[in-house]
Amino acid sequence: MGTHNALGRGLSALIPPAAPSAPSTPEPDTGSGTPLYIAVSRIAPNPRQPRKSFNDGELMALAASIREQGVLQPLVVRHKGDDYELIIGERRWRACQLAGVEEVPAVVLDASDRGVLEMALVENVQRADL
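This is the structure in structure tokens:
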């Protein structure tokens with residue numbers, strides 16, 4: 001079933017049933033949930049990101065805000081090899097690249113592929129342009 005056909009029918013229509021042994025809730029990798037500062041260059045985008053289009057003008061405005069105010073909300077990432085994969089915060093991550101920010105605050109979670117998909121969908125589910 002295509003993702004477009006599943007929109008409007010709830011998260012269960014977008015996420016396949018989990019295997020019985022799959023973890024349901026990701027746990028903070030650090031145990032405290034305290035954001036770490038991670039090099040922007042060490043974070044890869046989530047290939048399963050539900051949002052496929054990003055408005056260039058809005059990203060430029062966010063980049064300007066980040067230059068002035070900094071990153072106000074940490075990204076959420078998971079370990080991927082020696083680096084990280086983005087779970088939540090792709091607009092902030094892209095804007096940081098545009099703003100020339102070298103390090104960003106990020107919370108590192110231990111999340112399965114299913115957990116990453118669930119979090120990305122929940123983060124974006126109410127956005128009209130998804």
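FYI, the working numbering numbers position 130 of the sequence shown as 130, with every residue one higher than the one before it.
Glycine is no exception: its CB is placed at the ideal position from the N, C-alpha and C atoms.
All values derive from a computational prediction rather than experimental measurement.
List the endpoints of the continuous alpha helix (DSSP H) containing residue i.
i: Ala61; result: Asp56 to Gln69
Determine the direct distance from the alpha carbon of residue j to that of residue i, and round the result to whole angstroms.
i: Glu118; j: Glu68; result: 32 Å
i: Tyr37; j: Pro105; result: 5 Å
i: Ile66; j: Arg114; result: 31 Å
i: Ala61; j: Glu90; result: 15 Å
i: Glu85; j: Thr34; result: 17 Å
i: Phe64; j: Ala99; result: Sequence inspection shows Ala at residue 64; the Phe mentioned does not correspond to that position. Rounded to the nearest angstrom, the two C-alpha atoms are 7 Å apart.
i: Phe54; j: His79; result: 25 Å
i: Arg48; j: Ile87; result: 9 Å
May I ask you to report which of helix, strand or coil DSSP gives residue i?
i: Ala111; result: coil
i: Arg92; result: helix
i: Leu86; result: strand
i: Val104; result: strand
Starting from residue i and walking both ways along the beta strand (DSSP E), at which residues does that stretch end?
i: Leu75; result: Leu75 to Lys80
i: Leu36; result: Leu36 to Ala39
Could you check whether residue j and residue i sit closer than 7 Å to each other, using their CB atoms as the reference points?
i: Val76; j: Val107; result: yes
On the CB-based measure, 16 or more other CB atoms within 10 Å of its CB, does residue i come out buried or exposed?
i: Arg92; result: buried
i: Pro74; result: buried
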